[in-house]
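Numbering (the working numbering), first residue to last: 18 to 409.
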(Lines of atoms letter the chains of each structure in order from A and count residues from 1; the text may use other names and numbers.)
(Lines give C-alpha, C1' and ligand atoms only; values in the text may rest on other atoms or scores of the structure.)
Protein backbone atom coordinates (compact mmCIF):
# COMPACT_ATOMS: atom_id res chain seq x y z
CA UNK A 1 0.00 0.00 0.00
CA UNK A 2 1.42 3.35 -1.08
CA UNK A 3 1.48 5.97 1.66
CA UNK A 4 0.79 9.60 0.83
CA UNK A 5 3.00 12.28 2.35
CA UNK A 6 0.59 14.95 3.58
CA UNK A 7 1.51 18.36 4.98
CA UNK A 8 -1.18 20.20 6.95
CA UNK A 9 -0.59 23.91 7.51
CA UNK A 10 -2.11 26.45 9.88
CA UNK A 11 -1.03 30.00 8.94
CA UNK A 12 0.82 31.87 11.68
CA UNK A 13 -1.62 34.72 12.20
CA UNK A 14 0.19 37.77 13.52
CA UNK A 15 -2.88 39.24 15.22
CA UNK A 16 -3.72 35.91 16.87
CA UNK A 17 -1.04 36.61 19.47
CA UNK A 18 -3.54 38.95 21.17
CA UNK A 19 -5.85 36.02 21.89
CA UNK A 20 -5.05 34.39 25.26
CA UNK A 21 -7.65 31.60 25.15
CA UNK A 22 -5.91 28.62 23.48
CA UNK A 23 -9.13 27.12 22.10
CA UNK A 24 -10.64 30.16 20.40
CA UNK A 25 -8.50 29.87 17.27
CA UNK A 26 -7.91 26.11 17.23
CA UNK A 27 -7.94 24.72 13.66
CA UNK A 28 -10.52 22.00 14.34
CA UNK A 29 -10.90 21.11 10.67
CA UNK A 30 -7.15 20.69 10.27
CA UNK A 31 -7.07 18.40 13.31
CA UNK A 32 -9.76 16.24 11.71
CA UNK A 33 -7.71 16.00 8.52
CA UNK A 34 -4.69 14.98 10.60
CA UNK A 35 -6.47 12.01 12.14
CA UNK A 36 -8.23 11.18 8.86
CA UNK A 37 -4.88 10.73 7.11
CA UNK A 38 -3.39 9.00 10.15
CA UNK A 39 -6.19 6.42 10.04
CA UNK A 40 -5.48 5.85 6.34
CA UNK A 41 -1.86 5.13 7.16
CA UNK A 42 -0.52 8.21 5.40
CA UNK A 43 2.59 10.04 6.51
CA UNK A 44 1.01 13.21 7.86
CA UNK A 45 2.54 16.23 9.52
CA UNK A 46 0.87 19.36 10.89
CA UNK A 47 2.83 22.64 11.07
CA UNK A 48 2.20 26.28 11.85
CA UNK A 49 3.35 29.04 9.52
CA UNK A 50 5.99 29.10 6.83
CA UNK A 51 8.75 26.70 7.83
CA UNK A 52 11.44 24.83 5.94
CA UNK A 53 10.30 21.34 4.89
CA UNK A 54 13.05 19.03 3.65
CA UNK A 55 10.90 16.36 1.98
CA UNK A 56 8.52 17.21 -0.85
CA UNK A 57 4.94 16.30 0.21
CA UNK A 58 2.44 14.70 -2.16
CA UNK A 59 -0.37 16.89 -0.85
CA UNK A 60 -0.56 20.16 1.08
CA UNK A 61 -3.73 21.27 2.89
CA UNK A 62 -3.89 24.81 4.25
CA UNK A 63 -6.62 26.06 6.55
CA UNK A 64 -7.81 29.67 6.84
CA UNK A 65 -9.54 31.84 9.42
CA UNK A 66 -10.94 35.34 9.13
CA UNK A 67 -11.01 37.14 5.78
CA UNK A 68 -9.45 40.23 7.36
CA UNK A 69 -6.36 38.14 8.16
CA UNK A 70 -5.98 37.39 4.46
CA UNK A 71 -2.36 38.61 4.26
CA UNK A 72 -1.18 35.76 6.50
CA UNK A 73 -3.20 33.18 4.55
CA UNK A 74 -2.03 34.42 1.14
CA UNK A 75 1.58 34.60 2.33
CA UNK A 76 1.35 30.98 3.52
CA UNK A 77 -0.14 29.76 0.23
CA UNK A 78 2.49 31.64 -1.77
CA UNK A 79 5.32 30.27 0.36
CA UNK A 80 4.41 26.59 -0.03
CA UNK A 81 3.42 27.05 -3.67
CA UNK A 82 6.89 28.47 -4.35
CA UNK A 83 8.63 25.83 -2.24
CA UNK A 84 6.74 22.91 -3.84
CA UNK A 85 5.49 24.09 -7.27
CA UNK A 86 4.43 20.60 -8.40
CA UNK A 87 2.58 19.59 -5.22
CA UNK A 88 -1.22 19.75 -5.09
CA UNK A 89 -2.39 22.43 -2.67
CA UNK A 90 -5.89 22.50 -1.17
CA UNK A 91 -7.19 25.44 0.86
CA UNK A 92 -10.24 25.33 3.13
CA UNK A 93 -11.64 27.07 6.18
CA UNK A 94 -13.58 30.26 6.83
CA UNK A 95 -11.75 32.61 4.46
CA UNK A 96 -11.74 30.07 1.62
CA UNK A 97 -15.48 29.52 2.10
CA UNK A 98 -16.44 33.20 2.20
CA UNK A 99 -14.23 34.61 -0.58
CA UNK A 100 -13.30 31.64 -2.82
CA UNK A 101 -13.28 33.77 -5.98
CA UNK A 102 -10.65 36.12 -4.53
CA UNK A 103 -8.42 33.23 -3.46
CA UNK A 104 -8.83 31.54 -6.84
CA UNK A 105 -7.98 34.75 -8.69
CA UNK A 106 -4.70 35.07 -6.81
CA UNK A 107 -3.85 31.36 -6.93
CA UNK A 108 -5.60 29.75 -9.94
CA UNK A 109 -3.64 26.49 -9.60
CA UNK A 110 -4.85 25.57 -6.12
CA UNK A 111 -7.99 23.66 -5.13
CA UNK A 112 -10.49 25.40 -2.85
CA UNK A 113 -12.87 23.60 -0.51
CA UNK A 114 -15.92 25.57 0.60
CA UNK A 115 -17.86 24.84 3.77
CA UNK A 116 -17.83 21.71 5.92
CA UNK A 117 -15.69 18.86 4.60
CA UNK A 118 -18.09 15.93 4.88
CA UNK A 119 -15.26 13.47 4.29
CA UNK A 120 -13.70 14.32 7.66
CA UNK A 121 -16.62 15.86 9.58
CA UNK A 122 -17.16 12.78 11.74
CA UNK A 123 -13.50 11.82 12.19
CA UNK A 124 -12.74 11.79 15.94
CA UNK A 125 -9.98 14.06 17.24
CA UNK A 126 -7.60 12.69 19.86
CA UNK A 127 -7.15 15.80 22.00
CA UNK A 128 -4.84 13.98 24.41
CA UNK A 129 -2.46 13.05 21.59
CA UNK A 130 -2.46 16.68 20.47
CA UNK A 131 -1.40 17.69 23.99
CA UNK A 132 -4.37 20.00 24.54
CA UNK A 133 -5.91 20.91 27.89
CA UNK A 134 -9.14 22.20 26.33
CA UNK A 135 -11.20 20.41 23.72
CA UNK A 136 -13.71 21.74 21.23
CA UNK A 137 -17.06 20.12 20.52
CA UNK A 138 -19.81 20.88 18.01
CA UNK A 139 -23.15 19.63 19.32
CA UNK A 140 -24.83 21.24 16.31
CA UNK A 141 -24.03 22.86 12.99
CA UNK A 142 -25.38 26.04 11.37
CA UNK A 143 -28.06 28.27 12.92
CA UNK A 144 -31.81 28.79 12.77
CA UNK A 145 -31.24 32.55 12.51
CA UNK A 146 -29.99 34.35 9.41
CA UNK A 147 -28.42 37.58 10.70
CA UNK A 148 -26.96 39.58 7.83
CA UNK A 149 -23.72 40.34 9.68
CA UNK A 150 -22.97 36.62 10.15
CA UNK A 151 -21.41 34.18 7.67
CA UNK A 152 -22.43 30.96 9.40
CA UNK A 153 -25.20 30.05 6.96
CA UNK A 154 -22.78 30.47 4.03
CA UNK A 155 -20.23 28.14 5.60
CA UNK A 156 -22.68 25.72 7.22
CA UNK A 157 -25.91 25.81 5.17
CA UNK A 158 -27.26 22.53 6.57
CA UNK A 159 -28.52 22.32 10.16
CA UNK A 160 -27.60 19.17 12.08
CA UNK A 161 -27.78 18.09 15.72
CA UNK A 162 -26.09 15.61 18.05
CA UNK A 163 -27.68 13.98 21.08
CA UNK A 164 -26.03 13.28 24.44
CA UNK A 165 -24.77 9.82 23.47
CA UNK A 166 -23.01 11.27 20.43
CA UNK A 167 -21.47 14.08 22.46
CA UNK A 168 -20.53 11.76 25.32
CA UNK A 169 -18.26 9.56 23.17
CA UNK A 170 -16.31 12.66 22.08
CA UNK A 171 -15.52 13.94 25.59
CA UNK A 172 -11.88 13.33 26.54
CA UNK A 173 -10.90 16.31 28.68
CA UNK A 174 -12.32 18.13 31.69
CA UNK A 175 -12.50 21.48 29.91
CA UNK A 176 -14.81 21.86 26.93
CA UNK A 177 -15.61 24.77 24.65
CA UNK A 178 -18.75 24.35 22.56
CA UNK A 179 -18.32 25.90 19.12
CA UNK A 180 -22.04 25.75 18.33
CA UNK A 181 -23.35 28.87 16.67
CA UNK A 182 -26.66 28.57 18.53
CA UNK A 183 -26.37 25.91 21.22
CA UNK A 184 -29.94 26.23 22.52
CA UNK A 185 -31.53 25.55 19.12
CA UNK A 186 -30.49 21.90 19.47
CA UNK A 187 -33.60 19.90 20.50
CA UNK A 188 -31.25 17.68 22.56
CA UNK A 189 -29.52 20.53 24.43
CA UNK A 190 -31.15 19.83 27.82
CA UNK A 191 -30.26 16.16 27.57
CA UNK A 192 -26.66 17.16 26.75
CA UNK A 193 -26.46 19.58 29.70
CA UNK A 194 -27.88 16.99 32.09
CA UNK A 195 -25.40 14.42 30.79
CA UNK A 196 -22.43 16.74 31.24
CA UNK A 197 -23.55 17.64 34.76
CA UNK A 198 -23.33 13.99 35.79
CA UNK A 199 -20.36 12.90 33.67
CA UNK A 200 -16.73 12.70 34.81
CA UNK A 201 -13.40 12.34 33.04
CA UNK A 202 -10.59 10.69 35.00
CA UNK A 203 -12.75 10.99 38.11
CA UNK A 204 -13.11 14.76 37.74
CA UNK A 205 -16.08 16.89 36.72
CA UNK A 206 -16.32 18.75 33.42
CA UNK A 207 -16.32 22.53 33.02
CA UNK A 208 -17.77 24.16 29.93
CA UNK A 209 -17.79 27.35 27.96
CA UNK A 210 -19.62 28.47 24.82
CA UNK A 211 -17.74 30.29 22.08
CA UNK A 212 -20.90 32.05 20.89
CA UNK A 213 -23.51 33.90 22.89
CA UNK A 214 -26.73 32.21 23.95
CA UNK A 215 -29.89 33.18 22.09
CA UNK A 216 -32.08 35.09 24.61
CA UNK A 217 -35.21 34.18 22.64
CA UNK A 218 -34.64 30.49 23.36
CA UNK A 219 -33.36 30.30 26.93
CA UNK A 220 -35.80 28.99 29.55
CA UNK A 221 -35.73 28.82 33.33
CA UNK A 222 -34.84 25.12 33.11
CA UNK A 223 -32.03 25.86 30.63
CA UNK A 224 -30.45 28.31 33.08
CA UNK A 225 -30.52 25.74 35.89
CA UNK A 226 -28.99 23.08 33.64
CA UNK A 227 -26.26 25.45 32.42
CA UNK A 228 -25.31 26.00 36.06
CA UNK A 229 -25.40 22.26 36.81
CA UNK A 230 -23.18 21.62 33.77
CA UNK A 231 -20.68 24.14 35.22
CA UNK A 232 -20.74 26.59 32.32
CA UNK A 233 -18.36 29.50 32.80
CA UNK A 234 -18.60 33.07 31.48
CA UNK A 235 -22.17 32.94 30.24
CA UNK A 236 -22.84 35.42 27.44
CA UNK A 237 -26.22 36.49 26.06
CA UNK A 238 -26.40 37.87 22.51
CA UNK A 239 -27.97 41.30 22.10
CA UNK A 240 -27.52 41.76 18.36
CA UNK A 241 -30.36 44.12 17.55
CA UNK A 242 -32.36 46.97 19.06
CA UNK A 243 -34.50 47.85 22.06
CA UNK A 244 -37.21 45.42 21.00
CA UNK A 245 -34.99 42.66 22.45
CA UNK A 246 -35.02 44.12 25.97
CA UNK A 247 -37.82 41.85 27.30
CA UNK A 248 -36.00 38.72 26.10
CA UNK A 249 -32.62 39.91 27.41
CA UNK A 250 -34.05 40.87 30.80
CA UNK A 251 -35.88 37.55 31.07
CA UNK A 252 -32.74 35.56 30.15
CA UNK A 253 -30.58 37.46 32.66
CA UNK A 254 -33.19 36.91 35.36
CA UNK A 255 -33.26 33.18 34.72
CA UNK A 256 -29.45 33.00 34.89
CA UNK A 257 -29.19 35.05 38.08
CA UNK A 258 -31.89 32.96 39.75
CA UNK A 259 -29.97 29.83 38.72
CA UNK A 260 -26.91 31.05 40.64
CA UNK A 261 -24.83 32.96 38.08
CA UNK A 262 -23.60 36.26 39.50
CA UNK A 263 -23.15 39.48 37.53
CA UNK A 264 -19.42 38.87 37.11
CA UNK A 265 -20.04 35.55 35.37
CA UNK A 266 -22.72 36.89 32.99
CA UNK A 267 -22.07 39.12 30.01
CA UNK A 268 -23.89 40.53 27.01
CA UNK A 269 -22.50 40.20 23.49
CA UNK A 270 -22.90 43.36 21.41
CA UNK A 271 -21.85 44.04 17.84
CA UNK A 272 -20.88 47.63 17.10
CA UNK A 273 -19.59 49.53 14.05
CA UNK A 274 -22.65 48.07 12.33
CA UNK A 275 -26.20 49.12 11.40
CA UNK A 276 -27.06 49.95 15.02
CA UNK A 277 -25.85 53.58 15.37
CA UNK A 278 -23.54 54.85 18.10
CA UNK A 279 -26.39 56.53 19.99
CA UNK A 280 -28.37 53.27 20.17
CA UNK A 281 -25.30 51.32 21.29
CA UNK A 282 -24.72 53.84 24.06
CA UNK A 283 -28.30 53.37 25.24
CA UNK A 284 -27.77 49.61 25.27
CA UNK A 285 -24.51 50.06 27.18
CA UNK A 286 -26.17 52.13 29.89
CA UNK A 287 -28.98 49.61 30.22
CA UNK A 288 -26.37 46.90 30.84
CA UNK A 289 -24.87 49.13 33.52
CA UNK A 290 -28.27 49.31 35.20
CA UNK A 291 -28.50 45.52 34.96
CA UNK A 292 -24.96 45.26 36.42
CA UNK A 293 -23.70 42.95 33.66
CA UNK A 294 -20.52 43.25 31.64
CA UNK A 295 -20.42 43.78 27.88
CA UNK A 296 -18.43 41.69 25.41
CA UNK A 297 -18.16 44.03 22.44
CA UNK A 298 -17.44 42.81 18.93
CA UNK A 299 -16.34 45.26 16.24
CA UNK A 300 -18.01 44.42 12.95
CA UNK A 301 -16.05 43.68 9.78
CA UNK A 302 -17.77 42.78 6.48
CA UNK A 303 -17.62 39.13 5.42
CA UNK A 304 -15.33 40.02 2.50
CA UNK A 305 -13.05 42.46 4.36
CA UNK A 306 -9.44 41.63 3.46
CA UNK A 307 -7.60 43.68 6.09
CA UNK A 308 -7.96 45.00 9.62
CA UNK A 309 -5.19 47.22 10.93
CA UNK A 310 -7.18 48.76 13.74
CA UNK A 311 -4.86 50.01 16.47
CA UNK A 312 -6.57 50.58 19.84
CA UNK A 313 -3.65 52.75 20.98
CA UNK A 314 -3.78 55.12 18.01
CA UNK A 315 -5.44 58.50 18.51
CA UNK A 316 -7.22 58.22 15.18
CA UNK A 317 -7.30 56.13 12.01
CA UNK A 318 -9.18 56.09 8.71
CA UNK A 319 -11.05 53.51 6.65
CA UNK A 320 -7.78 52.85 4.85
CA UNK A 321 -6.62 51.20 8.09
CA UNK A 322 -9.75 49.26 9.00
CA UNK A 323 -13.45 49.02 8.19
CA UNK A 324 -15.56 51.93 9.45
CA UNK A 325 -19.31 51.56 8.95
CA UNK A 326 -20.89 54.48 7.00
CA UNK A 327 -23.07 55.23 10.04
CA UNK A 328 -20.09 55.33 12.41
CA UNK A 329 -16.90 57.36 12.77
CA UNK A 330 -13.47 56.39 14.00
CA UNK A 331 -14.00 58.63 17.03
CA UNK A 332 -17.29 56.92 17.89
CA UNK A 333 -15.74 53.46 17.59
CA UNK A 334 -12.96 54.42 19.99
CA UNK A 335 -15.35 56.16 22.38
CA UNK A 336 -17.74 53.22 22.56
CA UNK A 337 -14.87 50.80 23.11
CA UNK A 338 -13.47 53.05 25.87
CA UNK A 339 -16.87 53.45 27.53
CA UNK A 340 -17.45 49.69 27.55
CA UNK A 341 -14.08 48.97 29.12
CA UNK A 342 -14.54 51.55 31.86
CA UNK A 343 -18.03 50.27 32.58
CA UNK A 344 -16.82 46.66 32.74
CA UNK A 345 -14.14 47.64 35.27
CA UNK A 346 -16.76 49.37 37.40
CA UNK A 347 -18.93 46.25 37.42
CA UNK A 348 -16.06 43.81 37.90
CA UNK A 349 -14.62 45.66 40.91
CA UNK A 350 -17.91 46.94 42.36
CA UNK A 351 -17.04 50.64 42.13
CA UNK A 352 -19.89 52.88 43.29
CA UNK A 353 -19.19 55.49 40.58
CA UNK A 354 -16.68 56.62 37.94
CA UNK A 355 -14.86 58.91 40.38
CA UNK A 356 -13.95 56.00 42.65
CA UNK A 357 -12.84 53.98 39.63
CA UNK A 358 -10.71 56.84 38.23
CA UNK A 359 -8.96 57.23 41.60
CA UNK A 360 -8.23 53.50 41.61
CA UNK A 361 -6.90 53.62 38.04
CA UNK A 362 -4.65 56.58 38.87
CA UNK A 363 -3.21 54.71 41.86
CA UNK A 364 -2.57 51.65 39.68
CA UNK A 365 -0.79 53.77 37.07
CA UNK A 366 1.28 55.46 39.79
CA UNK A 367 2.23 52.08 41.25
CA UNK A 368 3.11 50.85 37.77
CA UNK A 369 5.34 53.86 37.12
CA UNK A 370 7.13 53.36 40.45
CA UNK A 371 7.72 49.70 39.64
CA UNK A 372 9.02 50.56 36.16
CA UNK A 373 11.35 53.20 37.65
CA UNK A 374 12.63 50.68 40.21
CA UNK A 375 13.21 48.07 37.51
CA UNK A 376 15.07 50.61 35.34
CA UNK A 377 17.37 51.54 38.24
CA UNK A 378 18.04 47.87 39.00
CA UNK A 379 18.71 47.12 35.32
CA UNK A 380 21.12 50.06 34.97
CA UNK A 381 22.90 49.04 38.18
CA UNK A 382 23.22 45.46 36.95
CA UNK A 383 24.54 46.69 33.59
CA UNK A 384 27.19 48.83 35.31
CA UNK A 385 28.21 45.94 37.56
CA UNK A 386 28.44 43.60 34.57
CA UNK A 387 30.48 46.18 32.67
CA UNK A 388 32.87 46.60 35.60
CA UNK A 389 33.33 42.82 35.79
CA UNK A 390 34.11 42.66 32.06
CA UNK A 391 36.63 45.51 32.37
CA UNK A 392 38.35 43.67 35.22
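By construction, the Cβ of each residue, glycine as well, lies at the ideal position given by its N, Cα and C atoms.
Subject >> Own chain partners of residue 33 with C-beta closer than 6 angstroms, once the 5 adjacent residues on each side are dropped >> reply: Closer than 6 angstroms at Cβ, skipping near neighbours: 42.
**OP:** For the segment 215 to 264, list the alpha helix (DSSP H) runs that are entirely contained and at least 4 residues long, ordered along the chain.
**Re:** Runs of alpha helix (DSSP H) with 4 or more residues, each lying fully within the segment 215 to 264, are found at 238 to 246, listed in chain order.
Original post:
In whole angstroms, what separates the C-alpha of residue 411 from that of residue 328?
Top reply: What the structure shows of the chain is the stretch from 18 to 409, and residue 411 is not part of that stretch, so it cannot be assessed.
Subject >> Close Cβ partners of residue 334 (< 8 angstroms) along its chain, the five nearest in sequence each way excluded >> reply: Taken in chain order, the residues that qualify are 326, 327, 328, 347.
**OP:** Tell me where the beta strand (DSSP E) around residue 126 begins and ends.
**Re:** Counting along the chain, residue 126 sits inside no beta strand (DSSP E), nor does DSSP assign it H or E at all.
Original post:
Where does residue 322 fall in DSSP's three states?
Top reply: Correct three-state label for residue 322: coil.
Original post:
Going by Cα to Cα distance, which pick from 351, 366, 216, 211 is closest to residue 282?
Top reply: With distances taken between Cα atoms, residue 282 lies closest to 366.
Subject >> For residue 73, three-class secondary structure by DSSP >> reply: Three-state DSSP puts residue 73 in coil, outside helix and strand.
Original post:
If we call anything under 9 angstroms between Cβ atoms a contact, is residue 240 one with residue 210?
Top reply: In this structure, residue 240 places its C-beta atom within 9 angstroms of the C-beta atom of residue 210.
**OP:** Please confirm if the segment 20 to 29 is in contact with the segment 135 to 149, defined as three or more CB-CB distances below 8 angstroms between the two stretches.
**Re:** No: fewer than three Cβ pairs fall under 8 angstroms.
**OP:** Could you tell me whether the Cβ atoms of residue 321 and residue 82 are closer together than 9 angstroms?
**Re:** Taking 9 angstroms as the Cβ cut-off, residue 321 and residue 82 do not qualify as a contacting pair.
Subject >> residue 34 in three-state terms, based on DSSP >> reply: Assigned with DSSP and collapsed to three states, residue 34 falls in helix.
**OP:** Please name the residue in 287, 160, 55 whose C-alpha comes closest to that of residue 140.
**Re:** The candidate whose alpha carbon is nearest that of residue 140 is 55.
Original post:
By a C-beta neighbour count over all protein chains shown, 10 Å radius and 16 as the cutoff for buried, is residue 449 buried or exposed?
Top reply: Look at the range of the chain in this structure, 18 to 409, and you will see that residue 449 is not part of it.
Subject >> Check whether residue 288 and residue 306 have beta carbons under 9 angstroms apart >> reply: Not closer than 9 angstroms, so no.
**OP:** From the DSSP output, in three-state form, read off residue 351 for me.
**Re:** Here residue 351 sits in helix by DSSP.
Original post:
Between residue 304 and residue 360, which are expected to be in contact by the criterion C-beta below 8 angstroms, what is the C-beta distance as a whole number of angstroms?
Top reply: At roughly 11 angstroms, the Cβ-Cβ gap does not stay under 8 angstroms, so residue 304 and residue 360 are not in contact.
**OP:** Counting only the same chain and skipping the five closest in sequence on each side, list residues whose C-beta sits under 6 angstroms from that of residue 24.
**Re:** Excluding the 5 residues flanking it on each side, residue 24 has same chain C-beta neighbours closer than 6 angstroms at 62, 74, 77, in chain order.
Subject >> CB contact check: residue 66 to chain B, cutoff 9 angstroms >> reply: Although the question refers to chain B, the structure presented lacks it and comprises just one protein chain.
**OP:** Note down the Cα distance separating residue 404 from residue 373, rounded to an integer number of angstroms.
**Re:** A caution first: residue 404 carries a pLDDT of 42, below 50, which makes its placement in the model unreliable, though a value can still be read off. Residue 373 has its alpha-carbon roughly 47 angstroms from the corresponding atom of residue 404.
Subject >> residue 51 in three-state terms, based on DSSP >> reply: In the three-state DSSP reduction, residue 51 falls in the helix class (H, G or I).
**OP:** Look up residue 266 in the DSSP assignment and say whether it is helix, strand or coil.
**Re:** Reduced to three states, the DSSP call for residue 266 is helix.
**OP:** Find the nearest neighbour of residue 202 within the set 181, 177, 189, judged by alpha-carbon distance.
**Re:** Measuring from the Cα of residue 202, the nearest candidate turns out to be 177.
**OP:** With hydrogens ignored, establish whether the beta-carbon of residue 85 is closer than 8 angstroms to any heavy atom of the ligand PLP.
**Re:** Looking for the ligand PLP in the displayed structure turns up nothing, as the structure carries no ligands at all.
Subject >> residue 352 versus residue 20: straight-line alpha-carbon distance, rounded >> reply: Residue 352 and residue 20 have their alpha carbons spaced roughly 57 angstroms apart.
Original post:
Under a Cβ-count criterion, where at least 16 other Cβ atoms within 10 Å of its own Cβ denotes burial, should residue 219 be classed as buried or exposed?
Top reply: Result: exposed.
Original post:
Taking just the CA atoms, how far does residue 144 sit from residue 410?
Top reply: Absent from the model: residue 410. The displayed extent of the chain is 18 to 409, so no value can be given.
Original post:
Taking residue 162 as the reference, which of 156, 171, 349, 154 has the closest Cα?
Top reply: Looking at the Cα atoms, 171 is the closest of the given residues.
Subject >> Distance between beta carbons of residue 269 and residue 254, contact taken as under 8 angstroms >> reply: So it is a contact: roughly 5 angstroms between Cβ atoms.
Original post:
What three-state label does DSSP hand residue 286 in the structure shown?
Top reply: Note: residue 286 maps to strand in three-state DSSP.
Original post:
Cβ of residue 153 within 9 angstroms of Cβ of residue 186?
Top reply: Not a contact, by the Cβ cut-off of 9 angstroms.
Original post:
Out of curiosity, what's the CA-to-CA distance linking residue 260 and residue 369?
Top reply: Going from the Cα of residue 260 to the Cα of residue 369 covers about 26 angstroms.
Original post:
How many Å lie between residue 265 and residue 89 at the Cα?
Top reply: Between residue 265 and residue 89, the C-alpha separation is close to 40 angstroms.
Subject >> Backbone secondary structure at residue 360 - three-state DSSP >> reply: Here DSSP, grouped into helix, strand and coil, assigns residue 360 to helix.
Original post:
Within this structure, are the beta carbons of residue 70 and residue 94 separated by less than 9 angstroms?
Top reply: No.
Original post:
Who are residue 313's beta bridge partners in DSSP?
Top reply: Looking at the DSSP output, residue 313 bridges to 286.
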